[in-house]
Amino acid sequence: MRKASRFLLTTISLFLFFHSTQAQSFYDNAQESTTTGILTINEFGPYVDQLSIGWIFEFDLGWMFSYDVGNGSAWFYSQDLNSWLWTTPEFYPAFYHESSGAWWYLEKESDPRLFFNFGTQQFVDINGNPFSNHGKQDFHLQLEQYYVPADPNIEYEGPTISDNGEQLIFRGKVSGEPVIFVSQFENENWTVPEVAFSTSTEVQNHDAKIISFSQKTTSGASENFNGPMIADDVATFGAEIDTGEDGVFYAKRVDGNWQTKLILKTNDAIAGKTVSSVDAPYVSENKIFFLTTLTDSSTQSSNTIFCFDIPKEKLDVILDSDDGDVDQFWDMSVNKARFSIRAENSITNNQNIYIYEAIGQGLRSIYPDFILPTGTNSFTVGGPTYFVENDESHVANLVFFKNDDIVQTYQIYTNLLSEFVWIKTGDVVGDSNDRLGALANPTLSVEEDAAWMFFQATTLDSNQIGAYLSYIDFDNASFEKVSYAVAQPGDSFNQDSATINQVLLGPVSLRNNRIAMTIQSDSNQYALVVYQIRPR
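Numbered per mature numbering (1 follows the signal peptide of the UniProt record, and there is no 0), the sequence shown spans residues -23 to -1, 1 to 513.
1) If we call anything under 8 angstroms between Cβ atoms a contact, is D304 one with S298?
2) Look at L437 and G135 and say whether their C-beta atoms are less than 8 angstroms apart.
3) Which complete beta strand (DSSP E) runs does the stretch 389 to 417 hold, if anything under 3 residues is left out?
4) Compare the Cα-Cα distances from T213 to each of A127, F285 and Y24 and report the closest residue.
5) How about F462 and D499: do their beta carbons lie closer than 8 angstroms?
6) How should R488 be labelled, buried or exposed, when 16 other C-beta atoms within 10 angstroms of its C-beta is the threshold for buried?
7) Put D300 into one of helix, strand or coil per three-state DSSP.
8) In chain order, which continuous runs of the beta strand (DSSP E) of length 3 or greater are located wholly inside the stretch 12 to 55?
9) Using CA coordinates, which residue listed in L340, Y363, Y333 and N326 is at the minimum distance from D346?
10) Spatial neighbours of A428 within its chain, please: CB distance less than 6 angstroms, with the 5 preceding and 5 following residues excluded, ordered by chain position.
11) Hey, which unbroken runs of the beta strand (DSSP E) at 3 residues or more fall wholly within the stretch 115 to 165?
12) Helix, strand or coil for N367, going by three-state DSSP, please let me know.
13) How is G224 classed by DSSP in three states: helix, strand or coil?
14) Tell me, please, which residues DSSP counts as bridged to K85.
15) Alpha carbon to alpha carbon, how far is E179 from S189? Give it in angstroms, no decimals.
16) Given this structure, state the Cα-to-Cα distance separating Q99 from Q509, to the nearest angstrom.
17) Going by the CB atoms, is the gap between E154 and S139 shorter than 8 angstroms?
18) Whose C-beta lies closer than 7 angstroms to the C-beta of Q497 among residues of the same chain, with five residues either side of it excluded?
19) Assuming the contact rule is C-beta atoms closer than 8 angstroms, F34 and Y133 should be a hit. Round their C-beta distance to whole Å, please.
20) Is it the case that the CB of K242 approaches a heavy atom of the ligand ATP more closely than 7 angstroms?
21) Can you grab the Cα-Cα spacing for the pair P466 / Q388, in whole Å?
22) Determine the DSSP secondary structure at K313, reduced to helix, strand or coil.
23) Throw me the rounded Cβ distance for the I207 and T137 pair, which I believe falls under 8 angstroms.
24) Applying the criterion that 16 or more other CB atoms from any shown protein chain within 10 Å of the CB defines a buried residue, is G403 buried or exposed?
25) Is N312 buried or exposed, if buried means 16 or more other CB atoms sit within 10 Å of its CB?
26) Pull up the DSSP beta-bridge partners for L268, would you.
27) Where E457 and V506 are concerned, what is the direct C-alpha to C-alpha distance, given to the nearest angstrom?
28) Quick check on the DSSP output: the beta strand (DSSP E) that includes V480 runs from which residue to which?
29) Short of 6 angstroms in beta carbon distance, which residues of its chain neighbour W61, apart from the five on each side in sequence? Order them along the chain.
30) Looking at the unbroken beta strand (DSSP E) that takes in L340, where does it start and where does it end?
31) Got a sec, what are the start and stop residues for the beta strand (DSSP E) F90 sits in?
32) Could you tell me which of N354, L340 and Y344 sits nearest to E396, measuring between CA atoms?
33) Does I187 come out as helix, strand or coil in the three-state DSSP assignment?
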């Protein structure tokens, strides 16, 4: 279990080390992954090399300024530990901690990070305090990816993560050209984001030329429900083509190359009607689901949800607003080939969140009447985030409560709770004095004993957008709901004095205990960031 006994070997080796006269760099034996840019040296690392500005990012110890002694050892100034450290690749994870004047040993398997302080003969936390599992935060975020593109002309939008948590897809730009990037979790590392689709992408079954990738919101209550999606090396996205039409596309990766095809575009004729809009493609279990608006010869329109079977290359209608009392479909969320959608009842004219679980079962609504908070007189339902766990459907969504059409408070509802409200404006952030303001873009994930929500928010003191993680512990009798800041404007971006300006999330930002986001600095740099959620 504990490896601190290795320190005995380290102390024996010190005598041999200090009597060595061979010139040697600490980094001489660095091993680099050809796909990720992540390095290791024996047990030191993994780390990202930023030595051109004097820094490295070590995945356990964070940002560290490096001074290479030249005899195989190095001094590091660790911001996380607030101290100079001395070590060699052979000694690490043992190191000399200058501020305490003692040798420390990093327990690499510990969660949260624990160190054995040989001076005090105690396990300590990152601040040097004797360890105790204190505070409310019952999870630890382990950084898996922090990638800043070297090219300053590269821009990233918020990433979407696949259902298995091992692929990322997101829009961006390279020197102003719209592109879609893809990154994968391979060999215990995330690959450097590659351009998978661009305006040069060839469409195999059509002469369409892509000129941009759709970035639409379908209503004022919706945000970011039209991003690209990926699952098991199948991607789907919306794009505008050179005819001025919009289309839904899909692509399969074959022998490392993406083969792209068009599924449906505006002005296509189908079922005696004409496609007037397409939106929100999702991929799940070899099926692609997306929304359309169809118009007949009398200019009457209907909302239709299509399902495209990828192996069969077959397109079917799943739901049509002309066939029932529920119409005005918006903002679909898909998981395990089922979906949830925001829609309006044509009889009551009330919006609600609906779930579609199987062919022939139709839609079922989630919420009863919404209760207006004091000081509000109307509401708008936001789009859902949907998750299936143990064959049960779980959903969460924003609700905007207004007074005379001005939003007064934001709430995130969920059918996981009998009272429905999980997160709301005014909630305290962790143990800080910050309180949540406007809320946006939630993604839900559910496990047997806990549920997680990753979302964007401002605070009551700042209108800049940060990213927050909230959880519910079902083992706690009170179902305590706690939210914590993951990245906030003003936090350090990297080591050139830049700070975070905003945090960007994709339509699906949390899956399989991983959260993904893009952070943008005040100097307009971008970083792709992935954390693994590790419950304590």
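All C-beta atoms in this analysis are idealised placements derived from N, C-alpha and C, irrespective of residue type, glycine included. Keep in mind the model is a prediction, meaning the values are calculated, not measured.
Based on what the coordinates show:
1) A Cβ-Cβ contact shorter than 8 angstroms links D304 with S298.
2) The Cβ atoms of L437 and G135 do not sit closer than 8 angstroms to each other.
3) The DSSP assignment places 398 to 401 as complete runs of the beta strand (DSSP E) inside the stretch 389 to 417, in order along the chain (cut-off: 3 residues).
4) For T213, the closest alpha carbon among the candidates A127, F285 and Y24 is that of F285.
5) Reading off the sequence, residue 462 comes out as Ala, not Phe. The criterion of a C-beta distance shorter than 8 angstroms is not satisfied by A462 and D499.
6) Buried, because 16 or more other Cβ atoms sit within 10 Å of the Cβ of R488.
7) Residue state for D300 is assigned as helix, using DSSP reduced to three classes.
8) Taken in chain order, the whole beta strand (DSSP E) runs of length 3 or more contained in the stretch 12 to 55 are 15 to 18, 21 to 27, 32 to 35, 39 to 45 and 51 to 55.
9) Considering only alpha carbons, the answer is N326.
10) Closer than 6 angstroms at the Cβ level, and outside the excluded window around A428, lie L393 and I449.
11) 116 to 124, 131 to 133, 144 to 151 and 154 to 163, all fully within the stretch 115 to 165.
12) Secondary structure at N367: coil, using DSSP grouped into helix, strand and coil.
13) G224: strand per DSSP, three-state reduction.
14) DSSP output for K85 lists no bridge partner at all.
15) Cα to Cα, the separation comes out at about 13 angstroms.
16) Pairing Q99 with Q509, the inter-Cα distance amounts to about 27 angstroms.
17) The Cβ-Cβ distance between S139 and E154 does not fall below 8 angstroms.
18) Counting only Cβ-Cβ distances below 7 angstroms, and skipping sequence neighbours, we find N478, Q479, L481 and Y503.
19) Contact doesn't hold; Cβ gap of about 18 angstroms is too wide.
20) Looking at this structure, you won't find the ligand ATP or any other ligand, since it has none at all.
21) Roughly 22 angstroms separates the two Cα atoms.
22) Under the three-state reduction of DSSP output, K313 falls in the coil class, being neither helix nor strand.
23) A Cβ-Cβ distance of about 7 angstroms is found for the pair I207 and T137, placing them in contact under the 8 angstroms criterion.
24) By the 10 Å Cβ count, G403 comes out exposed.
25) Classification for N312: buried.
26) Beta bridge pairing from DSSP links L268 with D256 and I282.
27) Separation of E457 and V506 (C-alpha to C-alpha, rounded to the nearest whole angstrom) is 28 angstroms.
28) For V480, the uninterrupted beta strand (DSSP E) segment begins and ends at I477 to L481.
29) Cβ-Cβ distances below 6 angstroms link W61 to W52, Y54 and E75 in the same chain, with the five nearest sequence neighbours on each side left out; the list follows chain order.
30) Boundaries of the beta strand (DSSP E) around L340: L340 to S342.
31) For the record, residue 90 in the displayed sequence is Arg; it is not Phe. Per DSSP, R90 lies in no beta strand (DSSP E) segment and is marked neither H nor E.
32) Checking every option, the nearest Cα to that of E396 belongs to Y344.
33) DSSP, read as helix, strand or coil, puts I187 in strand.
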